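The opening residue of the sequence shown carries number 1 in our numbering; numbering runs sequentially from there. Yeah, the Cβ is synthetic: ideal placement off N, Cα and C, and Gly gets one too. In this text the structure is predicted, and so the values were computed from the model without any measurement. Below you'll find the structure, written out as structure tokens, and then a few comments.
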Amino acid sequence: MEDKTKDTNEMNMFNSIDDTSTSGEKKISDDVIEIIDLTDDFYSESDSVKNDIDLDGIEQALAKSVNDIINSEKDTFSNQPASAENSVKSVNPANQANVENVINSINDASNKSDAVAVNPTTTTVTPTPDKSNVTASQATTSTTSDFVYFTDDESVTDTTSAVQAKKTRKPIKLNININKDKVLKGFLIFAGVLLLVYIGGIIYTKSHFIAGTKINQVDVGNMSKKKAEEKLSLAAKNFEMHLAFRESDLKTITGHEINYSYVSDGSVEKLLDEQNDLLWFMGFFEDTEKTVPMTFEYDKQKLEDIIASYDETNSENMKAPINAYIAYDSDSNSFEIQSEYEGTTMNIENVYKGVEDVISKGGERLGDIEIDSLEGTYEEPTVRSDNGGLVAMKEILDKLCDASVEYTLPSGNTRTVDINETINWLAKDEAGGYALDEPTWEAKAHEYVEGLATDVDNVGGTKIFNATGVGQVTVTGGEYGWKIDVDGEAGQLASELKEGTVVKREPAYSCRQFSTENSGIGNNYVEIDVSRQHLWVYRDGALAFETDIVSGTMIKAKYTPTGIYYIDYKQRDRVLKGDRLPNGTYEYHTLVHYWVPFNGGIGIHDAYWRSKFGGDIYVKSGSHGCINVPASAAPVIYDLVDLETPIVVYNTQPYNPA
């Protein structure tokens with residue numbers, strides 16, 4: 001529903017303007033109303049827009065222009081017939097210009113505030129009178145967009161008031177025509193231009209490299225084959241190559257120093273032919289790297305002379321590589337793998353060859369050249385820290401750190417074998433690296449046990465014995481006492497330590513004492529004095545039995561050796577045989593009923609064939625070395641002694657077997 005009051009006010013404004021002229025001049029209000037209506041855009045804007053526009057200035061300009069139009073139109077109508085047709089169609093051209101100027105002023109101000117500009121040639125602004133007065137021509141439909149605005153003013157008495165009255169109006173309707181044909185035409189023109197540019201790019205890149213193209217690091221984008229080769233040639237002359245040796249500063253070689261130059265060989269032309277012209281526009285978004293073998297010339301001898309002049313290539317300054325190795329830290333009691341040292345020893349011929357290969361490739365690797373990266377230039381360590389054998393060896397050595405064997409010795413003392421000792425059993429290389437070499441390890445273990453036996457063994461050594469009836473005597477020889485089994489103990493020790501064993505034990509003995517009392521003989525033993533031809537058996541320190549004897553004949557082949565021995569075993573009814581004679585018989589072949597051996601083939605046995613014992617019988621008619629006892633004494637002795645019972649054989653009188 002339209003606001004009738006607004007329509008009435010608007011019509012009053014029209015009537016007020018019409019009252020200022022004659023009836024024939026009423027039609028000039030159309031021009032004035034058009035100007036007034038255009039101002040509605042600004043008076044209907046938000047406060048923020050009004051603040052950006054000089055409304056007072058625009059108001060004054062509008063008022064002046066409207067008055068000029070009215071005055072001019074009055075003059076025009078005064079000289080023309082007052083016909084309705086002329087009143088509508090005749091408009092002073094100057095007035096039209098004034099109208100356009102005012103509209104342009106409005107548009108300028110509107111643009112500053114981001115408002116919609118009014119184009120005097122494409123946009124019409126029409127007041128909205130009372131709907132009852134709308135004619136058929138005014139109701140004509142349009143494809144334009146409408147913006148309606150109203151006024152609350154009661155009346156307008158002159159043109160200035162008419163302009164001021166517009167300040168209170170609401171948003172207007174603007175009719176904006178969109179020409180679809182022009183839009184389509186513009187699009188087709190734009191597409192055509194793009195197509196021409198694309199085709200032009202294809203034609204251009206038939207003879208020029210695509211933008212962003214680099215050949216061996218040299219930018220040849222948008223260059224012809226000739227220009228590209230010229231740039232490559234210039235780059236060759238100006239190039240600098242930096243050689244990076246181990247443990248040294250960069251060494252610079254320039255193209256001028258070695259007469260370095262590019263030789264055209266068709267490779268550039270081939271690259272140009274192979275590029276994808278259809279994608280020429282991609283060069284504006286990404287670079288294309290081309291690396292190809294190219295032909296270059298240089299003075300080989302000059303290059304080698306320069307390289308040979310460096311301190312780094314002087315053999316006297318080179319340092320040999322060092323393999324990774326296993327070190328031992330005594331503070332932390334641990335083995336650690338020390339990394340290899342690369343060294344600086346070079347094969348100079350391979351250095352020449354490697355550098356020459358780089359140069360001949362025409363800048364493929366121009367810039368810094370790591371001599372390390374060239375094949376065969378440096379001597380390399382043969383064992384690195386990740387070597388499987390090295391890692392496995394460390395695992396073996398780690399077990400030695402905590403391994404220990406603590407020996408308890410006959411003296412009551414102890415001796416420990418641990419890393420402090422075994423570190424010296426390991427093989428060691430020039431760099432100080434450790435390794436467990438099996439033959440060396442076993443030899444060192446054997447050597448250690450031999451030393452231990454020297455301190456412990458007393459078999460066959462001199463002992464002081466408290467002899468019956470005569471006191472202390474010196475006894476030398478025999479097989480009783482402490483004697484370490486060197487071979488057996490060395491093997492056991494080497495194995496235990498290598499496995500990380502921690503143990504406290506005795507050494508392995510081949511002979512041992514069974515007591516620490518009575519010079520190690522103890523309280524159970526058999527005593528034989530060859531000089532007195534007598535035997536005593538002691539049990540728990542007390543004499544249990546004694547008897548006369550006959551010992552070996554006092555000749556070297558048959559005498560009874562002195563010393564301390566122990567009973568090997570006991571046997572009943574044993575046949576004793578002498579040496580085998582050439583005719584197959586034995587020197588003797590005798591059955592004995594009680595056999596107690598203590599020194600190999602020498603033992604105590606019954607001699608039932610003898611009727612006398614003791615005295616000096618033994619000197620010329622003694623045995624073959626055994627201790628002959630009476631038949632009645634043999635079973636007593638047999639029952640009193642045990643296996644490993646010590647037997648002490650001595651002389652209280654010196655003698656020399658014949």
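Residue i to residue j span [Cα, whole Å]
i: ASN276; j: SER315; result: 52 Å
i: TYR407; j: GLY477; result: 26 Å
i: ASP329; j: ASP568; result: 51 Å
i: PHE209; j: THR295; result: 20 Å
i: PRO507; j: ASP485; result: 8 Å
i: LYS206; j: SER339; result: 57 Å
i: GLU395; j: SER334; result: 11 Å
i: SER632; j: GLU421; result: 58 Å
i: PRO630; j: GLU438; result: 58 Å
i: TYR588; j: GLN653; result: 30 Å
i: ASP357; j: THR288; result: 24 Å
i: THR440; j: LEU497; result: 14 Å
i: VAL596; j: GLU447; result: 37 Å
i: ILE326; j: CYS401; result: 13 Å
i: GLU379; j: PRO321; result: 7 Å
i: ASP666; j: ASN628; result: Summary: the structure shown does not reach residue 666, with the chain confined to residues 1 through 658, and so no result is reported for it.
i: GLU546; j: LYS612; result: 15 Å
i: THR252; j: ALA228; result: 26 Å
i: HIS242; j: ILE359; result: 12 Å
i: ASN317; j: LYS399; result: 41 Å
i: SER267; j: ASP299; result: 22 Å
i: LYS319; j: GLY283; result: 50 Å
i: LEU184; j: ASP219; result: 42 Å
i: ASP667; j: ALA324; result: The displayed coordinates of the chain run from 1 to 658. Any statement about residue 667 would go beyond what the structure contains.
i: VAL459; j: CYS511; result: 8 Å
i: ILE202; j: LEU196; result: 10 Å
Local Cβ density within 10 Å of residue i, reported as buried at 16 or more and exposed below that
i: GLY200; result: exposed
i: HIS256; result: exposed
i: LYS444; result: buried
i: ALA403; result: buried
i: PRO93; result: Below a pLDDT of 50, predicted positions are generally treated as unreliable, and PRO93, at 49, falls in that range; the measurement from the model is reported next regardless. Under this definition PRO93 is an exposed residue.
i: ALA162; result: Annotation note: pLDDT 46 at ALA162 (below 50); position unreliable, coordinate value reported separately. Flag for ALA162 reads buried.
i: ASP529; result: buried
i: ASN659; result: Outside the displayed range of the chain (1 to 658) lies residue 659, so it cannot be described from this structure.
i: ALA607; result: buried
i: TYR638; result: buried
i: THR344; result: buried
i: MET393; result: buried
i: GLN492; result: buried
i: ASN523; result: exposed
i: GLY563; result: buried
i: GLU489; result: buried
i: SER332; result: exposed
Beta-carbon gap between residue i and residue j smaller than 9 Å
i: GLY625; j: TYR559; result: yes
i: GLN533; j: TYR480; result: no
i: PHE216; j: LEU234; result: It is Asn, not Phe, that sits at residue 216 in the sequence shown. Not a contact, by the Cβ cut-off of 9 Å.
i: HIS593; j: ARG610; result: no
i: LYS483; j: ASP455; result: no
i: ILE602; j: TYR525; result: no
i: TYR650; j: PHE598; result: no
i: LYS225; j: LEU279; result: no
i: SER248; j: GLU312; result: yes
i: ILE464; j: SER515; result: no
i: LEU436; j: LEU426; result: yes
i: ARG246; j: GLU342; result: yes
i: SER531; j: TYR655; result: yes
Minimum Cβ-Cβ distance from residue i to chain D less than 9 Å
i: VAL292; result: Considering every chain present, this structure includes no chain D. It has just one protein chain.
Residue i: CB within 8 Å of a non-hydrogen atom of the ligand ADP
i: GLU395; result: Inclusion of the ligand ADP in the displayed structure is not the case, the ligand content being empty and no account of it being possible.
**Study point:** Segments assigned beta strand (DSSP E), at least 3 residues, entirely inside the segment 441-481
**Key:** Segments of the beta strand (DSSP E) lying fully in the segment 441-481: 463-467 and 471-475.
Entirely enclosed alpha helix (DSSP H) segments - the segment 359-393, minimum 4 residues: DSSP runs (the alpha helix (DSSP H)) wholly in the segment 359-393: none.
(Q) Three or more C-beta pairs under 8 Å: does that hold for the segment 543-556 against the segment 566-585? (A) With the cut-off at 8 Å, the segment 543-556 and the segment 566-585 do not touch.
- Message: Assess contact between the segment 456-469 and the segment 369-377, defined as three or more Cβ pairs (one per stretch) separated by less than 8 Å. Is contact present?
- Response: Not touching, per the Cβ criterion.
Practice problem: Any chance you could list the alpha helix (DSSP H) runs of at least 4 consecutive residues sitting entirely within the segment 184-257, in chain order? | Solution: If we require 4 residues or more, the alpha helix (DSSP H) runs fully inside the segment 184-257 come out as 225-238.
Discussion item. As an exercise, report each continuous beta strand (DSSP E) stretch of at least 3 residues that is fully enclosed by the segment 558-596, in chain order.
Written reply: For the segment 558-596, whole beta strand (DSSP E) runs of length 3 or above, ordered along the chain, are 563-566 and 571-577.
Can you confirm whether the segment 294-311 touches the segment 343-359 when touching is taken to mean that 3 or more C-beta pairs between the two stretches lie within less than 8 Å? The answer is yes - the segment 294-311 touches the segment 343-359, with three or more Cβ pairs under 8 Å.
(Q) To test your reading of the DSSP string, which unbroken beta strand (DSSP E) runs of 3 or more residues are found completely within the segment 265-289? (A) Unbroken beta strand (DSSP E) runs of no fewer than 3 residues, entirely contained in the segment 265-289, are not found.
- Task: Quick one: which unbroken beta strand (DSSP E) runs of 3-plus residues sit fully inside the segment 478-539? Chain order, please.
- Result: Runs of the beta strand (DSSP E) inside the segment 478-539: 502-505, 509-511, 525-529 and 534-539.
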